[in-house]
Amino acid sequence: GKDKINIRLDIADELMNVDQAIPLSLIVNELVTNAFKYAFEDNQAPELTVILKRKDGNIVLQVADNGKGVNIEEWTDKEGSFGKELIQTFVKQLNGYLDIAVNKGSQFTLSIPYAT
3 GKDKINIRLD
13 IADELMNVDQ
23 AIPLSLIVNE
33 LVTNAFKYAF
43 EDNQAPELTV
53 ILKRKDGNIV
63 LQVADNGKGV
73 NIEEWTDKEG
83 SFGKELIQTF
93 VKQLNGYLDI
103 AVNKGSQFTL
113 SIPYAT
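All the letters of the sequence shown, read from the start, carry residue numbers 3 to 118 under our numbering.
Written as structure tokens, this is what we have:
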């Protein structure tokens, strides 16, 4: 229902193995969808950032918003939404590490080993 959302994209032009690209794209879809659904309630200047780069032999994805921030305890709880479980399953499948921070919104940073 927002008229304007400031979206910042910083996407490196990288070739990626399809076995990484598909789960990674589903993770991005879920994180961006969650930001639009939950983060921007009562936010007059919503912002969303998506960064994808190769760094030190890894692919690093960062999805951040300036919303209310996720509840870290709910995210680390074993029970949860289908979307959260989907993200966690794909992170594990990709042999990755997901860091979640809350500071003026939510910031999800995923690092996975780069495979050609």
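Beta carbons are placed, not taken as given, at the ideal position from N, Cα and C, and that holds for glycine.
Pair within 7 Å by beta-carbon distance, Ile61 and Ile114: As a working mapping, residue 61 is identified with position 59 in the sequence shown. As a working mapping, residue 114 is identified with position 112 in the sequence shown. Result yes, Cβ atoms of Ile61 and Ile114 sit closer than 7 Å.
Ser138: first and last residue of the uninterrupted alpha helix (DSSP H) it sits in: Residue 138 lies beyond the residue range present for the chain, which begins at 3 and ends at 118; the question has no answer from this structure.
Run of the alpha helix (DSSP H) containing Glu76, from where it starts to where it stops: Position 74 of the sequence shown, counted from the first residue, corresponds to residue 76. Residues 74–78.
Beta carbon of Ile29 nearer than 7 Å to that of Phe92: Residue 29 sits at position 27 when you count from the first residue of the sequence shown. Residue 92 sits at position 90 when you count from the first residue of the sequence shown. Using a Cβ distance threshold of 7 Å, Ile29 and Phe92 count as a contacting pair.
Cβ-Cβ separation, Phe110 to Gly69 (assumed contact under 8 Å), whole Å: Translated into positions along the sequence shown, residue 69 becomes position 67. Translated into positions along the sequence shown, residue 110 becomes position 108. Not quite, the Cβ-Cβ distance comes to about 12 Å (not below 8 Å), so this is no contact.
Bridge-paired residues (DSSP) for Glu49: The residue labelled residue 49 in the question sits at position 47 within the sequence shown. DSSP output for Glu49 lists Asn8 as bridge partner(s).
Proximity of Gly32 and Leu88 at Cβ, strictly below 7 Å: Numbered from its first residue, the sequence shown carries residue 32 at position 30. Numbered from its first residue, the sequence shown carries residue 88 at position 86. Note that residue 32 corresponds to Glu in the displayed sequence, not to Gly. In this structure, Leu88 lies closer than 7 Å to Glu32 by Cβ.
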